[in-house]
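A short write-up of the structure that comes next.
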């Protein structure tokens with residue numbers, strides 16, 4: 396048995412201290428940075444903080460990232476006041492009830508990491524505060540629908556109504572109806588729809604700042620429609636009436652042709668499960684016509700279309716005649732037998748012989764398609780068919796699009812690119828200006844090599860557009876498979892800078908600053924398109940800010956995960972910004 400001398404013990408302890416200090420300094424550099432929680436959007440952006448269940452006001456659901464798998468000691472505040480109840484808390488979704496402490500102001504999520512002190516202690520340390528999402532506390536009534544309710548009752552939590560139709564017809568601007576688990580509207584109201592949004596043939600609208608809202612009760616499964624049934628799930632009928640300012644949230648909506656057919660102003664469609672099995676025709680599973688100020692957020696649109704032989708005119712999400720001021724974000728549109736996942740196409744409502752009497756069908760503007768996951772559609776991922784960016788921005792950013800453009804529709808020709816600008820004008824002046832396409836990640840675009848493509852394959856394509864209408868590509872990542880192409884159509888109207896190209900040779904001569912290299916996705920086999928640490932797409936981009944008046948992050952750019960760009964010395968390419 397031997398012992399170290401006091402000098403040796405001191406030397407050993409000192410070296411151990413230096414090693415520990417070095418590890419403390421190095422580890423933060425070696426481990427990925429933890430992102431702050433980020434709120435993307437909510438269903439309600441206004442409502443009362445009293446009334447309803449327990450007299451605690453409306454429930455609000457927010458979607459985002461980084462909230463934590465469990466609530467623990469984390470909180471939501473509204474205008475600085477703490478929320479009252481939390482029936483749902485996941486890393487990407489929180490449902491909370493306002494409560495009397497809520498005030499007009501920002502919704503903020505404060506995440507407390509494990510082991511941190513709570514608010515009850517004198518000097519709390521927060522694990523991170525989210526961005527703020529504006530909310531207005533205002534008057535309004537709160538109603539309930541339940542399978543065991545009755546339409547002769549009061550519509551309160553204790554005495555709920557029985558049907559969604561009854562609730563829809565009894566509500567006033569600013570009111571919210573929560574629909575409890577098991578409620579289903581599977582019979583026709585009228586106008587071949589399960590739920591017709593008029594009120595006995597007349598107008599039925601909310602107001603700006605006080606919409607009417609139909610929302611699933613927290614955790615409830617609520618169904619409108621049934622497979623292979625009536626043409627329409629929810630419909631705004633084409634009658635002399637207005638149906639404006641509605642919120643439709645967290646419902647399962649099924650249509651024979653169209654799950655949602657909406658017109659009017661100020662609709663917010665949020666967090667719904669939408670399908671149209673067997674759908675076909677010159678429409679979309681979700682369609683807006685003559686609409687304005689539409690927010691289409693966080694919906695899952697799937698199982699739409701009549702098998703592999705649906706028409707080239709049938710689409711998953713379709714913004715048609717004179718629909719402007721549209722924001723399409725954070726949706727999952729996938730595995731549909733539709734020609735386009737998202738299409739903007741405006742044509743006259745009355746044709747072919749209406750002449751000057753028909754003043755509809757002009758090119759569209761103020762269109763924003765972002766942060767969507769799109770895959771498995773027959774033709775295009777996004778089609779800006781009739782657009783005029785000179786009147787308002789037209790942009791696509793932070794989208795992940797893969798495996799689209801895979802099959803001919805039953806009626807032959809089509810276009811088969813991930814993002815397409817058709818350049819069509821059906822009425823009025825032709826569109827001019829620049830369609831901005833930036834920070835998208837595209838993979839396996841237009842595998843279909845059919846002669847029906849008509850020169851419109853590839854990751855990006857421009858059709859027979861007028862000379863003044865162009866597509867500008869920046870900060871995109873494109874990974875194509877053998878036999879696929881990068882650009883197609885009228886290539887002279889495509890320009891760009893700082894894009895990565897891989898799989899089909901070097902990047903096109905039409906764009907500058909090309910990076911010709913494997914983007915090094917985290918796991919291509921699982922379609923995880925985040926970038927590895929060694930990816931050449933990291934810190935390789937240029938600064939591009941969205942021009943989106945709907946966005947709450949004005950003046951700054953965020954990636955698909957809600958990380959603020961840039962995290963390093965410059966923007967990463969593609970939909971994801973990786974922490975340094």
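Residue numbers (my numbering): 396 to 975.
Glycine residues also receive a C-beta, built at the ideal position from the N, C-alpha and C atoms.
Sequence-distant residues of the same chain with beta carbon closer than 6 Å to residue i, five excluded per side
i: residue 945; result: 722
i: residue 786; result: 760
i: residue 420; result: Bear in mind that a pLDDT of 37 at residue 420, under 50, signals an unreliable position, so the number given afterwards is only what the model happens to contain. Within the same chain, residue 420 has no close Cβ partners at all.
i: residue 689; result: 662, 683, 721
i: residue 409; result: Bear in mind that a pLDDT of 40 at residue 409, under 50, signals an unreliable position, so the model cannot answer this.
i: residue 963; result: 934, 975
i: residue 965; result: 934, 936
i: residue 585; result: 591
i: residue 542; result: 577, 578
i: residue 908; result: 892, 893
i: residue 671; result: 650, 654, 680, 699
i: residue 952; result: 940, 960
Candidates the options, of which the one nearest residue i by Cα
i: residue 960; options: 793, 622, 527; result: 793
i: residue 596; options: 767, 938, 637, 951; result: 637
i: residue 980; options: 890, 838, 906, 858; result: Past the edges of the chain, shown from 396 to 975, lies residue 980, and the structure says nothing about it.
i: residue 823; options: 893, 717, 924; result: 717
i: residue 832; options: 955, 445, 763; result: 763
i: residue 925; options: 771, 561, 872, 697; result: 872
i: residue 899; options: 921, 841, 923, 916; result: 841
i: residue 687; options: 815, 640, 653, 708; result: 640
i: residue 710; options: 753, 779, 754; result: 779
i: residue 703; options: 732, 713, 695, 739; result: 732
i: residue 582; options: 602, 622, 607, 609; result: 622
i: residue 859; options: 880, 877, 886, 874; result: 886
i: residue 571; options: 609, 546, 545; result: 609
i: residue 693; options: 438, 901, 951, 952; result: 438
i: residue 830; options: 857, 821, 851; result: 857
i: residue 567; options: 556, 594, 922; result: 594
i: residue 600; options: 569, 624, 612, 625; result: 569
i: residue 449; options: 476, 480, 756; result: 480
i: residue 467; options: 456, 489, 447; result: 489
i: residue 756; options: 771, 719, 730; result: 719
Proximity below 8 Å, CB of residue i to CB of residue j
i: residue 868; j: residue 888; result: no
i: residue 649; j: residue 681; result: no
i: residue 691; j: residue 728; result: no
i: residue 501; j: residue 535; result: no
i: residue 498; j: residue 532; result: yes
i: residue 796; j: residue 774; result: no
i: residue 617; j: residue 574; result: yes
i: residue 724; j: residue 697; result: no
i: residue 458; j: residue 491; result: no
i: residue 603; j: residue 627; result: no
i: residue 619; j: residue 580; result: yes
i: residue 826; j: residue 782; result: yes
i: residue 769; j: residue 791; result: no
i: residue 874; j: residue 855; result: no
i: residue 443; j: residue 537; result: yes
i: residue 820; j: residue 918; result: no
i: residue 494; j: residue 545; result: no
Neighbourhood of residue i by C-beta, 7 Å cutoff - its chain only, sequence neighbours within 5 removed
i: residue 845; result: 803
i: residue 554; result: 548
Inter-residue CB distance, residue i and residue j (contact presumed, cutoff 8 Å)
i: residue 631; j: residue 658; result: 5 Å
i: residue 486; j: residue 463; result: 6 Å
i: residue 482; j: residue 614; result: 7 Å
i: residue 843; j: residue 811; result: 5 Å
i: residue 891; j: residue 906; result: 4 Å
i: residue 894; j: residue 911; result: Not a contact, Cβ separation roughly 10 Å.
Residue i, enclosing beta strand (DSSP E) - first and last residue
i: residue 763; result: 762-765
i: residue 564; result: Element bounds for residue 564: not the beta strand (DSSP E) but the alpha helix (DSSP H), 559-565.
i: residue 824; result: Here residue 824 belongs to no beta strand (DSSP E), and DSSP marks it neither H nor E.
i: residue 798; result: 795-799
i: residue 686; result: 679-692
i: residue 628; result: 627-630
i: residue 710; result: 710-714
i: residue 695; result: 695-700
Cβ neighbours of residue i in the same chain (closer than 8 Å, five flanking residues each side left out)
i: residue 928; result: 973
i: residue 521; result: With a pLDDT of 41 at residue 521, under the threshold of 50, the predicted position of this residue should be treated as unreliable, though the coordinate-derived value follows. Cβ neighbours of residue 521 beyond the five flanking positions: 505, 506, 507, 511.
i: residue 460; result: 430, 432, 433, 435, 486, 487, 956, 957
i: residue 474; result: 497, 498, 499, 500, 501, 530, 532
i: residue 915; result: 926, 927, 929, 930, 931, 932
i: residue 705; result: 674, 675, 732, 733, 734, 773, 804, 805
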